[in-house]
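Accompanying notes for the structure given below.
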Amino acid sequence: MKISYCPTMAPYAEKIAKKFKNVELFPSSSAAEVLYMLRENAIDGALIGRVAHKREIDDRTKSYRLKEGNTLVYRQKAGISFDQLKQIEVYTYLEDENIKDIKDAFKNVVHFSSLQECLKDGLSTPVLINWKDYKDEFELLIPMDMKGKIPYFRAPVLYYKDEDLINQEILETMKKIIND
């Protein structure tokens, strides 16, 4: 089984490869490159730290979220220094309990009762969301430091096509490995 992964997913890919001896890992420079390799059938699985845009995958592609997490969305795709987060206000609908590990990174966190309410200003203010609520029209605001993208804002998703090769049992085992 050939799995390619983007740089932020290296620790997860290595955990998977230790458990599955038949996994061959192929590091890649970006999520877009990994998804391209899957579209071209050069690999069996694409492990990336975000949700793929519809234009990046075809109709036969399936996805499986290996770990839950949160991310920042904004009106346009952009990077931001992790230190700069202290200077910005963000909106969220997430409970304090679900963001306790990151809440202090921001200047101010404004809570709303729903994602819809958070979006009322057209994403002119960044919104902290759960990955399960990500929509294709959203763009990411990507916090980074000297090492690259901040792992907190990434969540591993495996994209694949062959359900016989990558079946539900394998997916659940991968999820367990990553979450242990």
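In our numbering, the protein residues as written are 206 to 385. Note that beta-carbon positions come from the ideal geometry of N, C-alpha and C, so glycine has one too.
- Fewer than three beta-carbon pairs drawn from the stretch 236 to 249 and the stretch 288 to 304 are found closer than 8 Å, and the two stretches are therefore not classed as touching.
- Going by DSSP, L320 is part of the alpha helix (DSSP H) stretching over L320 to C323.
- Annotated as proximal: K220 and I382, with beta-carbon spacing under 8 Å.
- The straight-line gap separating the alpha-carbon atoms of Y210 and S235 is approximately 8 Å.
- Out of V256, K226, R265 and P232, the CA that lies nearest to the CA of Y365 is found in R265.
- Scanning N384, I208, E377 and I334 for the CA closest to the CA of N227 turns up I208.
- Contact check for L230 against A237 fails: the beta carbons are separated by 8 Å or more.
- When the five nearest sequence neighbours on each side are left out, the beta carbons in the same chain lying within less than 6 Å of the beta carbon of A310 are those of L290, in order along the chain.
- Around the beta-carbon of G353, fewer than 16 other beta-carbon atoms lie within 10 Å, marking it exposed.
- Measuring C-alpha to C-alpha distances from I262 to each of E368, I375, E344 and Y241 identifies Y241 as the nearest.
- A straight line joining the alpha-carbon of P356 with that of L363 spans about 16 Å.
- The distance from the Cβ of L243 to that of L346 is about 26 Å, inconsistent with a contact at the 8 Å cut-off.
- Taking every protein chain shown into account, the CB of A257 has 16 or more other CB atoms within 10 angstroms, so this residue is buried.
- Contact between T330 and Y296 is confirmed by a C-beta separation of about 5 Å, below the 8 Å threshold.
- Within the same chain, Cβ atoms closer than 7 Å to the Cβ of A218 are found at I208, Y210, L230 and L252, the five residues on either side in sequence being excluded.
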